[in-house]
Structure formats: C-alpha cells, structure tokens
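For the protein sequence lines, the chains are A and Z, in the order given.
Take my numbering: the last position of the first sequence gets the number 622, and nothing is skipped along the way.
Take my numbering: the last position of the second sequence gets the number 1256, and nothing is skipped along the way.
Just so you know, even glycine gets a beta-carbon here, dropped at the ideal spot from N, CA and C.
Report on the following structure.
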Amino acid sequence: DAITGLERKIYGRFLHITDMHPDAFYKEGSSIENVCHEGKPKNTKDRAPRFGYATGGCDSPPDLVNYTLEWITENLRDKIDFVIWTGDNVRHDNDRRIPRTEFQILDMNELISGKIQKLFSNPNSENPRDFDVSVVPSIGNNDVFPHNMFALGPTLQTREYHRIWNNLVPQEQQRTFDRSASFATEVIPGKLAVLSINTLYLFKANPLVDNCNSKKQPGYQILLWLGAVLEEFRQRGMKVWLSGHVPPIEKNFAEGCFDKYTLWTHEYRDIIIGGLYGHMNMDHFIPVDGEASWEAIKQSE
Amino acid sequence: QLNTSENQKDDDDDLDMTAHAMAGREAHLMGAKPVGKEAYMNRVRERIYERVHQKIQKAKPLDAEGDDYDAKRKSSKSFDEICEDYSIVSISGSVIPTFNPSLRVWEYNITDLDTQTPTWQSKSWDQFYKTLENIMERDSSDIENEHLDDPEQEFETQRKKKKKRGKKPKEDKTIPRKKPKNLPLGPAYEPQLFSPTRFVQLYADLKRINKKYYSLLEAGKTPDEAAGQAFQYEVEYASDDDPYPMKGLLVKDFVLLASKLATQKKSWNKFMERAFMSTGYTD
Chain A
322 DAITGLERKI YGRFLHITDM HPDAFYKEGS SIENVCHEGK PKNTKDRAPR FGYATGGCDS
382 PPDLVNYTLE WITENLRDKI DFVIWTGDNV RHDNDRRIPR TEFQILDMNE LISGKIQKLF
442 SNPNSENPRD FDVSVVPSIG NNDVFPHNMF ALGPTLQTRE YHRIWNNLVP QEQQRTFDRS
502 ASFATEVIPG KLAVLSINTL YLFKANPLVD NCNSKKQPGY QILLWLGAVL EEFRQRGMKV
562 WLSGHVPPIE KNFAEGCFDK YTLWTHEYRD IIIGGLYGHM NMDHFIPVDG EASWEAIKQS
622 E
Chain Z
974 QLNTSENQKD DDDDLDMTAH AMAGREAHLM GAKPVGKEAY MNRVRERIYE RVHQKIQKAK
1034 PLDAEGDDYD AKRKSSKSFD EICEDYSIVS ISGSVIPTFN PSLRVWEYNI TDLDTQTPTW
1094 QSKSWDQFYK TLENIMERDS SDIENEHLDD PEQEFETQRK KKKKRGKKPK EDKTIPRKKP
1154 KNLPLGPAYE PQLFSPTRFV QLYADLKRIN KKYYSLLEAG KTPDEAAGQA FQYEVEYASD
1214 DDPYPMKGLL VKDFVLLASK LATQKKSWNK FMERAFMSTG YTD
C-alpha cells in the first residue's frame, strides 16, 4: 500500500459500478408516468415501488442506491482489490417542474462520494486517504452543468470535483486534474494503475467540443495528457485499465476524437488491459479496430 | 434598419425556441423509458460484429503455405494478427433501473504477482506531473498566441502558413507513434499477470424484490425488516456460462464471441436478454 507501506492482500477481483442516478425527488407510491415524482397512479402498474421500476423511465430511488451500497458492503467489500466507478451520480433533468441546478448536482455528487469513501476507507485509520479498497471515479455527462457541457479547466467545476474527490485523486496530480479532470491511480503500487479519463472532452454532445485536431480543443488537450501518462506507465513497466463515463465509440465521440483515442489504445497494447465505461445502460462490448483508425487518420490528412 | 433589426430579433427568438425545444426533447429522452435500444443492439450486430466476423473469416489459415491457399482472396494476416488490430470497449449495465440494476465483478490473473518486483523510476510522479503540467501549459500559451478566434489574425496566420508550405508539418502530438516491435503484447492479448479471466454479472431483479418487499410488509414486517430481507443482488450470468461460454477475457475471446454473435441466432438472443439485464425489454 503506497500510503501506509503495509502489505495488502490482493484477491484478483475488482468491481465496476456506473450510472447510479439517485433521485431525491423520487416518491414511493407516485405515478411512474410522472417520472415517479408525483401524481396519483392510474393503476397498480403505474405505482412507483420502493426500490424502483425497471424500464419505467424513472431515476433511482435513494433507497435503491443505499441498499446497493449496503449490499456491496456485506458481499463484496472485503473480496475486491479496487473499484472503477464511472459517473452519473445525479438524477436526469427530466422534470420541467423541478429543473436541476448546479448546486443540486454538486451536492448529490458530494453525498454519493462521501458514502463511497466511507464504504471503502480503512475504518481504523485517521488518514482520509487510507482506503482498504482503492476507488477510481470519473465524471459523467449528468454530473456537470449545464447538461453535457464541460469546459477545459481550470474552471470552478474542475475545482469542485477536485474538492469532492479530494481523497481519491493522488495529491501530486492536483494541478493536472484542475486542467483535465482526469487522473491515474496506482491500484497496485508500481504494478497496476487505473486511468480516470474525462471523456466529456471527447464527447460529441458536449457543445464545447468540435474535434480533436486543434490545440484549443479540450479533446486535443486530453489526448496530450493520455499520451504522456501512457508513455510514463510503459517506462515504469506497469499495466493499466482505462476508464471513463462515455464509451469511446464512433456514435459518441467527436470528429477525429474516436480515431485518435482508438490509436492510443491500439499502440499501447503492451500495457493496456481494457477500457470500462458506462453511460449507455446496456451490457455489451464493442471491438474497435486500431488499423481501421490508422486508415481513417491517413485519409483525413 | 428598423425592419432588419426586427427581423433579426424574430430570427433570434425562433432560434431560441428551437434550441429550448431541442434541449427539452433531449432531456426528456435522456431520462425517459428506454426507446430503440433493441434497434441499437441490432446495428451493433450488423455493423460491428458482422465486420469482425468477415475479417476473421479472411484470416490466413495456419497452413497458409499450402497449395490450397488462395492468396488473393485471403487476408495476409493470421487470426492472432487480426486480433491484435482490436481493443475492447466494455460497456456496463447501470444501477439506474433503465433496465434491472446491475454491477460487474471482474476477475484477473494474479499468479505471478509476488514474483514480479515493481520497476521504480528514478523520476518521481511529482516530477512527471510537473513536467506534464508545463507541457500542457505551453500548449495553451501556443493557443493564445495563435489568436484563432480573431478572423484577421487567422487570415494572417493562414497566409504565413501558406508561405511556409513545403516545410515538413509539425508532428501532431495527439497521434501516437507505432508500438515498438520489441515490446511484447500485454495482458489483453496473451495470458499473463493482470489478464482478465472471467466476470460475474450481478443484477437486482426489481420485480421480484418489490413483490417480496410488499408481501413481507403485509405479513407484518417493519419496512426496514422487509427491505433488509427482500433486497439483494444475485448472479445474472458469468462470462463462462452457456450458451456462449468464454474461455477467458482476452481480446481474441471477445473477437470470437463477436463473430459467434454475428452468426448464431441462439447466442444472439441470449446476449440481447443479458444486454437488457433480463428485463425482457423489446422495442
């Protein structure tokens, strides 16, 4: 353990959790048609149950999130080495009667971050950075305000996330985090790391992102960061998992960003183990073709 | 002038209204019931898995030197070389009940963990990140100097660039150099320390949980007692389960699965059921 210097048992297991979307306005017994916020249900099928209703279009009741975390405490916490947590920790902006505010978004993120940190921290230590299980969070498109929009740092929002994840972002990365909202954690010191990549800088739906070709683009900057960090891990003989909220597939990434990102994953295949993402709520995988991306880049040039 | 200004205002208002409508629609879609997810998955099958299948069908057979090998028709790459072209983007199910809430536990190889000593660098992380910060800072200063937002300056920059034509263009630092040939393939491609070996997909069957919870309440349990007894995640499936058990989770295992999903209806149906966390969702 890099913090305590003590030996830690490694289990060969880790958890990926994503898109919790807790909704403080969720009301048990309200109408599912009214996004589980209010109204008398039309019938029993329209009644919002305590733990949420699958495919109904409502966000998570706080009970679903709390009981999920409790279940993790009892069943997984002491059997895993680290947690990859890929964002979207607030409700959707799906009710015009109660539009989300920046404060609500940050407050909910702070609340959830506090719960997660408490769950995985070392209860016998006074050091807030001492975790039994390392946690690597990343920012989701619903964790920012306005929805999807996130500017290259330093901004008030990157500073806020640095404050909220203060114990989770390694201290020496404070300044680069303020700029990129991305960081790397050595989950097994000197051997294995997880990169938290702020994929919003590559995301097509972020109005501040056009492409990854101009230096003034956030995507250009995040790729600079990614390249430098990957090379450093290669030099150190370490392996890495990539993680982020928006999956790097053509449908999601801005022009040029998809191909450039794919190239990095392809050319660092000596150290990258894989990439874990959320956002789409569906369990599936996409094989991305590095050689096809080289072709696309050559053609665009 | 007045008319033009009025027209301009109308145009702006129209634009504002359209923008609001679009934002509203998007917000509604983002938080609404799942729509078109089956169609999306079918597109993944047709456009991605099918392409992977086609590519590996053309792989150079192991006995490629033999007379039967039609060099024109087949790719010059072997199956392993084709797998090397790919990396895998794993997209996970969520806790939010778009479908049933889910979590994934990954398992990985730690067999040689104790025998491998970390390679400590002489340069500290502190030093590395300071250097990186400087590089990014310098790049940002370049942007300020470029004055890209000023059309006149932009024109001037372009004119100067044209003058310099013929000079080798600056290296784009956001495009990587090719992997040095002497570096071996990593844990995603060959079994070794940290190679992913298996995953277990957990899910909370909300229909069953809520049903149990309300029947426990009716039976006289307190809400806390009922919730404690009713709420649980269970194993939905593991990566080595039928009908498409994966031997491991290397890139080649995913490539083979993609090919199988492109061609085998039974496996594809199960894959779809799992993609929607066993909710039985269809478009």
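Would you mind sorting residue i into buried or exposed? The rule is 16 or more other CB atoms within 10 Å of its CB.
i	result
S1097 of chain Z	exposed
H1120 of chain Z	Because H1120 of chain Z carries a pLDDT of 44, less than 50, the predicted location of this residue cannot be relied on, and no value is offered for it.
T325 of chain A	exposed
Q478 of chain A	buried
V356 of chain A	buried
F1244 of chain Z	buried
L327 of chain A	exposed
L1156 of chain Z	exposed
R1018 of chain Z	buried
S1049 of chain Z	exposed
E1316 of chain Z	Absent from the structure is residue 1316 of chain Z, since the part of chain Z shown begins at 974 and ends at 1256.
E447 of chain A	exposed
T1236 of chain Z	exposed
K1028 of chain Z	buried
D1099 of chain Z	exposed
So that I know if they touch, is there some Cβ in chain Z lying closer than 7 Å to that of residue i?
i	result
E571 of chain A	no
G408 of chain A	no
L544 of chain A	yes
Q494 of chain A	yes
E553 of chain A	yes
Y482 of chain A	no
R590 of chain A	yes
K560 of chain A	yes
W486 of chain A	no
Y688 of chain A	With chain A running from 322 to 622 in the structure shown, residue 688 of chain A is simply not present.
R329 of chain A	no
Whose C-beta lies closer than 8 Å to the C-beta of residue i among residues of the same chain, with five residues either side of it excluded?
i	result
V456 of chain A	F403, V404, W406, I437, Q438, F441, L489
Y541 of chain A	C533, N534, S535
R334 of chain A	K400, I401, D402
Please check if any C-beta of chain A sits within less than 7 Å of the C-beta of residue i.
i	result
Y1176 of chain Z	no
D1256 of chain Z	no
E1207 of chain Z	no
L1223 of chain Z	no
E1019 of chain Z	no
F1052 of chain Z	no
G1009 of chain Z	no
N966 of chain Z	One cannot answer for residue 966 of chain Z here, as it falls past the ends of chain Z, which runs 974 to 1256.
A994 of chain Z	Its pLDDT being 48, under 50, A994 of chain Z is placed unreliably by the model, and the measurement read from it follows with that caveat. So no, A994 of chain Z is outside the interface.
R1111 of chain Z	no
I1055 of chain Z	no
S1212 of chain Z	no
Which two residues bound the contiguous alpha helix (DSSP H) that contains residue i?
i	result
G595 of chain A	Run containing G595 of chain A: none in the alpha helix (DSSP H); it sits in the beta strand (DSSP E), 593 to 598.
P539 of chain A	539 to 556
H483 of chain A	477 to 485
Take residue i and list the residues in its own chain whose beta-carbon comes closer than 6 Å to its own, dropping the five residues that flank it on each side.
i	result
E1191 of chain Z	none
E1011 of chain Z	T1255, D1256
K1185 of chain Z	A1203
H587 of chain A	G611
Y1176 of chain Z	N1073, S1075, E1209, M1250
Q1174 of chain Z	R1077, E1209, Y1210
F466 of chain A	E423, I426
S352 of chain A	G360, P362, D367
S614 of chain A	D580, T583, L584
E576 of chain A	N532
How far does the beta strand (DSSP E) with residue i in it reach, from first residue to last?
i	result
A1211 of chain Z	1207 to 1211
R612 of chain A	The identity of residue 612 of chain A in the sequence shown is Glu, whereas the question assumes Arg. From DSSP, E612 of chain A is part of no beta strand (DSSP E) but of the alpha helix (DSSP H) over 611 to 621.
Y1081 of chain Z	1075 to 1081
W406 of chain A	403 to 406
I419 of chain A	Run containing I419 of chain A: none; DSSP gives neither H nor E here.
P1169 of chain Z	1169 to 1176
L516 of chain A	513 to 518
I1064 of chain Z	1059 to 1064
E507 of chain A	504 to 509
Spatial neighbours of residue i within its chain, please: C-beta separation below 7 Å, excluding the five flanking residues on both sides.
i	result
F1227 of chain Z	I1061
M1014 of chain Z	M1245, A1248
Cβ closer than 9 Å: which chain D residues qualify as neighbours of residue i?
i	result
D1226 of chain Z	Included in the structure are the protein chains A and Z, with no chain D among them.
- Short-range partners of chain Z found in the region 332 to 365 of chain A, where Cβ spacing is below 7 Å: Taking 7 Å as the cut-off between beta carbons, the residues of the region 332 to 365 of chain A near chain Z are G333, R334, F335, L336, H337, I338, T339, D340, M341, H342, V356, in sequence order.
- Task: Anything in the region 596 to 610 of chain A with a Cβ closer than 7 Å to a Cβ of chain Z? List those residues in chain order, please.
- Result: Taking 7 Å as the Cβ-Cβ cut-off against chain Z, the residues of the region 596 to 610 of chain A that qualify are G596, L597, Y598, G599, M601, N602, M603, D604, H605, F606, I607, P608, V609, D610.
- What residues from the region 1234 to 1251 of chain Z come within 8 Å of chain A, judged by C-beta to C-beta, listed N to C? Taking 8 Å as the Cβ-Cβ cut-off against chain A, the residues of the region 1234 to 1251 of chain Z that qualify are F1244, R1247, A1248, F1249, M1250.
- Query: If you measure beta-carbon to beta-carbon, which residues of the region 366 to 381 of chain A are closer than 8 Å to chain Z?
  - Reply: Here the close residues are P370, R371, F372, G373, Y374, A375, T376, G377, G378, C379, D380, S381.
- Residues from the region 386 to 415 of chain A in contact with chain Z, defined by Cβ distance under 9 Å: Those would be V386, Y388, T389, E391, W392, I393, N396, L397, K400, I401, D402, I405, T407, D409, R412, H413, D414, N415, in chain order.
- Task: Pull out every residue of the region 426 to 459 of chain A whose Cβ sits closer than 7 Å to any Cβ of chain Z, in chain order.
- Result: Against chain Z - using a Cβ distance shorter than 7 Å - the region 426 to 459 of chain A contributes no residues.
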